[in-house]
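First up is the structure itself, then whatever we jot down about it.
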Amino acid sequence: MFKDVPNTVDFVAQEHQILDFWRDGNVFHKLKTLRQAAPRWSFIDGPITANNPMGVHHAWGRTYKDLFQRFKAMQGYQMRYQNGFDCQGLWIEVNVERDMGFKAKKDIEAYGLDEFVNACKRQVLRHAATQTEQSVRLGYWMDWNDPDLLRELETKMAQDPSQTLTVEGPNGAVTDTVEQLVGRLGLPELGGSYFTFSNENNYTIWTMLKKCFDRGWIYKGTDVMPWCSRCDTGISQHEIVTDGYRELTHTSIFLRFPLRNRPGESLLVWTTTPWTLTSNVAAAVHPDLTYALVEQGTDRFWLSKGALENAIRGDYRTLEEKPGGELEGWAYDGPFDELPAQQISGAAEGHRVILWDEVGEAEGTGIVHTAPGCGAEDFELSKEQGLPVIAPLGAEGIYLDGFDWLTGRQVHTVADDIFENLKQKGIVYRLEEYTHRYPVCWRCEEELVFRLVDEWFISMGEQLDKPYEQVTEAEKEQNLRYQMMEVVLNETKWYPSFGLARELDWLRNMHDWMISKKRYWGLALPIYECHECAHFHVVGSLEELKELAVEGWDKFEGHTPHRPWIDAVKIACPSCGAAASRIPDVGNPWLDAGIVSFSTMQYRTDRDYWGQWFPADLISESFPGQFRNWFYSLIAMSTVMERRAPFKHNFSYATLFAEDGRAMHKSWGNAIWFDDAAETMGVDVMRWMYCAAKPEQNLLFGYKHSDEVRRQVLIPFWNVYSFLVTYANIDGWRPTATLWKDTPQRSENLLDRWILSRLQSTVRSVTERLETFSPDGACRIVEDFLDNLSNWYLRRSRRRFWKSEADTDKAAAYQTLYQVMVTTSRLLAPFVPFVTESIFQNLVCSVDPDAPESVHLSDYPAVEEGLVDLSLEDDMKLARDLIGLGRAARNQSGIKTRQPIGRIGIGGISEKQQAAVNGLAALVLDELNVKEISFHEGIDEFATYTIKPNFKLLGPKYGRNVQAIAKAMSATDALDLKRELDGSGELEIQADGVSYRLDRAEIDVQSANREGYAVEADAYKFVALSTELTHELILEGLARELVNKIQQIRKEADFNVSDRISLSLESTPTVHEAFERHRAYITHETLTTIVVESSSPNAFLKSQKVNGEDATIGVEQVT
RNA sequence: GGGCUUAUAGCUCAGACGGUUAGAGCGCGCGCCUGAUAAGCGCGAGGUCUCUGGUUCGACUCCAGAUAAGCCCA
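In structure tokens, the structure reads:
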């Protein structure tokens, strides 16, 4: 006996049972053992930030990762199964700051850097534990750490990081301090997920930076960049995440810059950032725009003609016009010339009009206030034009010395006072509220300002003014940019394919990579600056550091390479020998993630091992953002290290939204937490939603969608399984132990042969789709197959299972359905690992003691070519099409399916197809409830025709003349054409004076209309049913109706399906005639053993209409 | 301003290689089935396949341009 399978199932509860089964049976480790000598398939996981619980959007990506890994495992490959956690950087810091209630960097310093860094590590461990548990819940098979161990480490880190602890690793016990154990997580001796805060990850980045340094690609640059004054750090181009802008309203100001040599005249200037006016050095105009001098009261302004309407309020008079070019060099009084910073820099003295092509007049005044210390474009301009640079802001957005009353003030607090100051100076024209998209800090939402800073960069190579194809080898040799493009073009494939174009676009245009950040928790950049000789040196390894160290080594030793411990070490400057300190900056976190194709695969310690796994066969992440983030950093670092691409295939996918089409947002009430989704929908359902989604399109995720998937995919699948087990148990049918993997025997039954062929075709297509990274295509194919299985094979086969005698046909039905279900479970195991496991356990493991103990330890099904019968699949398709047409005809005529019909006529199909229909006639007759089928050449008996050319054949043959032929055909009576065609087998058509001979195949004959028949037709074939009902047919219809009614009454009376009954019937003579004529049939179908004249008082009685005739039916159980 | 993507039924989406009745699910209407049944099946209504040009005998499909939306960059 199989374990009973109810037709309703709690998928969620079942998933928990399966999880227990996998865990208790160590099934994942058995899989690794099973494949340990197999060929390798390399997947590199993009690290998930261990900063929050996992979201349903993460589950999308993780489902893909698991899908491909499970698929490849069943195909017989070994894998590394290493998950990754992203651990360092500002996003971790920000959350820890928030938890601790810190407002600014000085709070961190007051708290103590060592404690803060420790807290960051603990935060990572905590969330890594949670995300691990959630991933396991999803069914994501990876070499996971024990979450309890991660929590234990977190606790012990809080107690005392220097205490010693022993933990079990894959190759035995490892003893070390807690701090070092945490620093060694993910390394071979400890196993489990990799953590980007690991010592190995950090030191491998050092190796990479050293290579850059040796090539002269690392430099310290001065730049004006977006700055968050709260985080007190620059926001690099590479890390502004998707929504780094907000719609914000600021008070903008129109003000006058009085011209020094044109008394009474001013430039009218506009800005939305009044704090930058302190640092004005020039005013830019477009050389080709027209500028006007307008008079308003006693004021005279210059501004661009196109900006007049927008800028000027009230009446004015235009006095004069000049092209912008003629304004060049005009000197003016700046708004803050009294400030020491203006005086010392020479800006106050030198204010003048400059020309700039980027000036526009769509907003503002067409004259752009230029402050090179406060804006990136302005800074560029200052370099071109030799303008002084005034940098007003220091750390935390505080005005520096030289700004008088502003010095010491915070930039976000000064706007009103600046307006007041300018009003007193009498140069304000007007203020205006202005709404625009303004950059904000992607972590804390603080409005960004632009600040002149020193940061460290990796040079990405000059952008050459020519297409990639024309870049020479010699140029490439020196240029990381083109080396990256080269490896990407030559060695990688992208899914969806447009990913390649997007990555190349980024590579072509990317700026140098800013790798420094003035923060605390992250990679310690191994850059040592000598204050004696200004030389800087990059240290490439721990060993080199030790060798060069001149002080502080004792304070660092035993710690992970993080601040503050690493900062204690000073080295001897390789140039002058003086003691040099590490720059205090930490690294950009994409360095951490980008190095993992080296750091996690023992690049530094076991180059052979690394070579076996590099490059990855696959990486997979969500594409928004990653083209310039992880994909980019991975490629950049791999190119620096080896000038090779880090992966062969990149499968990426879009963004997950809520069902309302908007981003999920807690405050909008449309967010769904992973845990809730998993326990409500079940993860198999979620996984199917993810797999079936088109990866290049955004996925709308929600409960409505999940209900649909459950109803349309999982429940039908489960119901077929439930049906099989239920009847197998009733019949005592048992498969032989090896039946699940035996080649199916040839069944005499066409349905069996058909479904087995369909199964093979499905196996073939699904495998192809998975091999080409098209899971959505695979899902569509599977859904089609499940529909075939459930709504055709099983529906048509039901009676084969019910019949009481155990004949060969019944055995064939059981064997077939059994083998189909087992193979389908294996086929779907990578997609929906839980339900398929449940089915496999019951159908296979309970029978065959030698079977793999899990479906996931079995092999992926291979196509059994011998079972493929494409012509049978075509024939069945034809039969189903005809049945569809027949049903449509019934619908049209209003004759329900229970009413038998004498004959249907079928036409428009070839003789071969007729033979096929004859072969499947029993099916067609039964489905349509008709007595016989007749075939017809033409439809004239049932309807009229339309005749059209077969465009597909005639188009290539006659070209444009096809249209003329079509016209000529439609002008002729279709019946005449049909007769001619039937007579001679061909058709002669005169069109535009030319005569064409068309044979049968070149003509489409289509039907329409009806006359006493109900006819339905598609492009070439038709089904006509005779609507005439003989007395015999009517009686038979009544009989079937009676069976139906009696069955319903049985159900209303709450009888069991196997209860025998006595029956009474009181009705019209016609109904009694029908009953007598079909008595055997009716009593057999309804399990009636006694027919009584009048019912006993205990009988269940019901009066109703039966096909319009009054009838009272009584039923009673017979004991 | 540049790169990439998307535009098909009320909604969510399918529609290699261009072929003349453009499909599914949901929703809606009608019907069927009832030994998978708090399911299932069928039929129907509903679409100028965003617009404009072009290529072609023929364009939802290919090309160009426009419009709108999204992502990225400037």
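End of the first sequence = 1167 in this note's numbering, gap-free, step of one.
Backbone N, C-alpha and C fix where the C-beta goes; we use that ideal spot for every residue, glycine too.
Quick caveat: nothing in here was measured; it's all calculated off a predicted structure.
Rounded Cβ spacing between residue i and residue j (contact assumed at less than 8 Å)
| i | j | result |
| --- | --- | --- |
| SER629 | GLU577 | 7 Å |
| ALA1122 | LEU1083 | 4 Å |
| LEU837 | ILE803 | 6 Å |
| PRO335 | LEU403 | 5 Å |
| LEU351 | TYR339 | 7 Å |
| ARG499 | VAL272 | 7 Å |
| PHE119 | LEU818 | 5 Å |
| VAL342 | THR366 | 5 Å |
Nearest residue (CA-CA) to residue i, options the options
| i | options | result |
| --- | --- | --- |
| GLU534 | LEU479, THR687 and ALA664 | THR687 |
| THR703 | LEU933, ALA785, PRO672 and ASP52 | PRO672 |
| THR281 | TRP70, LEU496 and ARG146 | LEU496 |
| PRO12 | GLY124, LYS78, ALA664 and LEU748 | Outside the displayed span of the chain (49 to 1167) sits residue 12, for which this structure offers no information. |
| THR786 | LEU747, HIS753 and GLN863 | GLN863 |
| LEU296 | PRO487, LEU115 and ILE981 | PRO487 |
| ILE952 | GLU901, ALA1072, ASP1030 and VAL965 | ALA1072 |
| GLU216 | VAL598, VAL880, GLY932 and PRO236 | PRO236 |
| ALA331 | LYS120, PHE305 and LEU186 | PHE305 |
| GLY1041 | ALA1012, ASP1021 and ALA176 | ALA1012 |
| LYS618 | GLY642, VAL587 and PHE427 | VAL587 |
| SER754 | VAL731, THR1131 and ASP974 | VAL731 |
Pairwise C-alpha distance: residue j and residue i
| i | j | result |
| --- | --- | --- |
| VAL407 | VAL814 | 57 Å |
| SER1043 | TYR1006 | 12 Å |
| ARG556 | ALA522 | 18 Å |
| GLN867 | ILE778 | 19 Å |
| ALA936 | GLY950 | 17 Å |
| CYS739 | ASP824 | 6 Å |
| GLY434 | PRO311 | 27 Å |
| LYS696 | ASN131 | 19 Å |
| LEU596 | ALA572 | 16 Å |
| ALA355 | GLN472 | 26 Å |
| ILE954 | LEU976 | 13 Å |
| ALA359 | ASP708 | 41 Å |
| VAL172 | ASP723 | 19 Å |
| ALA860 | GLN182 | 44 Å |
| GLU539 | ASP665 | 11 Å |
| GLY694 | TYR651 | It should be pointed out that residue 694 corresponds to Pro in this sequence rather than to Gly. For PRO694 and TYR651, the distance between alpha carbons rounds to 13 Å. |
| GLU885 | ILE931 | 36 Å |
| LEU528 | PHE662 | 20 Å |
| MET562 | PRO515 | 25 Å |
| PHE349 | SER393 | 27 Å |
| ALA1014 | PRO997 | 6 Å |
Buried or exposed by the 16-neighbour rule on C-beta atoms within 10 Å, applied to residue i
| i | result |
| --- | --- |
| VAL1166 | exposed |
| VAL1105 | exposed |
| MET532 | buried |
| PHE76 | buried |
| LEU1023 | exposed |
| HIS484 | exposed |
| PHE833 | buried |
| LYS752 | exposed |
| TRP70 | buried |
Which of helix, strand or coil DSSP assigns to residue i
| i | result |
| --- | --- |
| ARG556 | helix |
| VAL226 | helix |
| LEU67 | helix |
| TRP275 | strand |
| PRO371 | strand |
| GLN1168 | For the chain, the structure presents residues 49 to 1167; residue 1168 sits outside this window and is missing. |
| LYS858 | helix |
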